[in-house]
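S.K.: Here it is, the structure, as structure tokens.
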Amino acid sequence: MTTMSTLCAARGRAHRRAEPPVRRPRPADGPDHNLLMLLIADREVRTGRTLPPGPCEDLTEEQLIAFWADPHLEPDAATR
3 MTTMSTLCAA RGRAHRRAEP PVRRPRPADG PDHNLLMLLI ADREVRTGRT LPPGPCEDLT
63 EEQLIAFWAD PHLEPDAATR
């Protein structure tokens, strides 16, 4: 018996390992995922902007708009 299991047995309970956190299933690599990665890489090179770190599925609407919006297409204040 290990020291940990001896201590747990002395306290009347079994030693249990911590369960790993539950993770959401990731989208499988496929044509859609590959196209998404290509479009994101192209946008990053063209604009110099990068997506925030983390999975694309977890990004907020504001983060996605900030990344994909093109400031050159927005009307100037003088032309409104």
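Numbered by our numbering, the letters in the sequence shown go through residues 3 to 82 in order.
A virtual CB, placed ideally from N, CA and C, is assigned to each residue, including glycine.
Can you tell me whether DSSP reads L41 as helix, strand or coil?
M.R.: Three-state result, L41: helix.
S.K.: If distances are taken between C-alpha atoms only, which option among T62, A68, E21 comes closest to T49?
M.R.: A68
S.K.: State the start and end residues of the unbroken alpha helix (DSSP H) segment that holds A68.
M.R.: 63-70
S.K.: Nearest to P73 by CA position, among D60, T62, G56, R51, is which residue?
M.R.: R51
S.K.: Please name the residue in L66, M39, V47 whose C-alpha comes closest to that of P54.
M.R.: L66
S.K.: Using three-state DSSP, classify M6 as helix, strand or coil.
M.R.: Below a pLDDT of 50, predicted positions are generally treated as unreliable, and M6, at 49, falls in that range; the measurement from the model is reported next regardless. M6 falls in the helix class under three-state DSSP.
S.K.: Find out if the Cβ-Cβ distance for the pair L38, C58 is shorter than 8 Å.
M.R.: yes
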